[in-house]
Amino acid sequence: MEAALISLRDDRLSSTSTFSSPSPSDRGADGNDGRRAYLDFARALRDLALSSPPPTLSSAASAAPSFSTAAPGDYGAKAAAPRASPTDETAEWLYNLLLTVPSHMDALHLSVAIASACKEAKGDEGMVQAALFELLGESERAMEALFELAPRANDLARVRETQLRRIAG
1 MEAALISLRD DRLSSTSTFS SPSPSDRGAD GNDGRRAYLD FARALRDLAL SSPPPTLSSA
61 ASAAPSFSTA APGDYGAKAA APRASPTDET AEWLYNLLLT VPSHMDALHL SVAIASACKE
121 AKGDEGMVQA ALFELLGESE RAMEALFELA PRANDLARVR ETQLRRIAG
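Heads up: the sequence shown begins at 1 in UniProt numbering, then just goes up one per residue.
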């Protein structure tokens, strides 16, 4: 956290040649103080995300949700039906998560891009986090999604585009 704040300070000091910080009497005159503060915060958050190891969860908390195909009270009637593979469940989880993230891309294309980025990163956490940040953007919901996606990057790398297209319908 300290490194991210130092980086933010250094960024602000190096950017003084392009614009000067408004004086107290000028604040609010151009209406950009809020935007600058937001961008500074987003930059610091990005730097923190890229410099910190991803949070670790207990095995119970990080387990992928399982979806049952049987209706309540339906014991054995669908036992012979094929179960979804773990990658199908991961693909469905990814697609449903990205339905909640505002983006210029639809959930299908964003899902495909994220799975591809995780595959290309080959387990490099820094590359994964940078790619996710670039694809998702800087919104609050995007940051929440990034922190949900990053720990599952290896699983996401195994998701295929055909699985995502089947889920999207």
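Glycine is no exception: its CB is placed at the ideal position from the N, C-alpha and C atoms.
Q.
For chain D, check one thing: does any of its Cβ atoms lie closer than 7 Å to the Cβ of E120?
A. Going by chain labels, chain D is absent from the structure shown, which holds only one protein chain.
Q: Using three-state DSSP, classify V128 as helix, strand or coil.
A: Start at 1 with the first residue of the sequence shown, and residue 128 comes out as number 128. Residue state, collapsed to three classes: helix.
**Q.** E120 - containing alpha helix (DSSP H), residue span
**A.** In the sequence shown, residue 120 corresponds to position 120, counting from 1. From DSSP, the alpha helix (DSSP H) with E120 extends over A107 to A121.
Q. Looking at V112 and A142, is the spacing between their C-beta atoms short of 7 Å?
A. Numbered from its first residue, the sequence shown carries residue 142 at position 142. Numbered from its first residue, the sequence shown carries residue 112 at position 112. Against a cut-off of 7 Å, the Cβ pair of V112 and A142 comes out as no contact.
Q: Give the secondary structure of E161 by DSSP, where H, G and I count as helix, E and B as strand, and everything else as coil.
A: The residue you call residue 161 lines up with position 161 of the sequence shown. In this structure, E161 counts as helix in the three-state DSSP scheme.
Q. Does the distance from the CB of D88 to the CB of Q163 come in under 7 Å?
A. One-based indexing of the sequence shown puts residue 88 at position 88. One-based indexing of the sequence shown puts residue 163 at position 163. Cβ distance < 7 Å, so D88 and Q163 count as in contact.
Q) Just to confirm, are Q129 and A115 a CB contact at a threshold of 7 Å? A) The count along the sequence shown starts at 1 and reaches residue 129 at position 129. The count along the sequence shown starts at 1 and reaches residue 115 at position 115. Against a cut-off of 7 Å, the Cβ pair of A115 and Q129 comes out as no contact.
Q.
With H, G and I counted as helix, E and B as strand and the rest as coil, what does DSSP make of L99?
A. Stepping through the sequence shown from its first residue, residue 99 is reached at position 99. DSSP places L99 in coil when its eight states are reduced to three.
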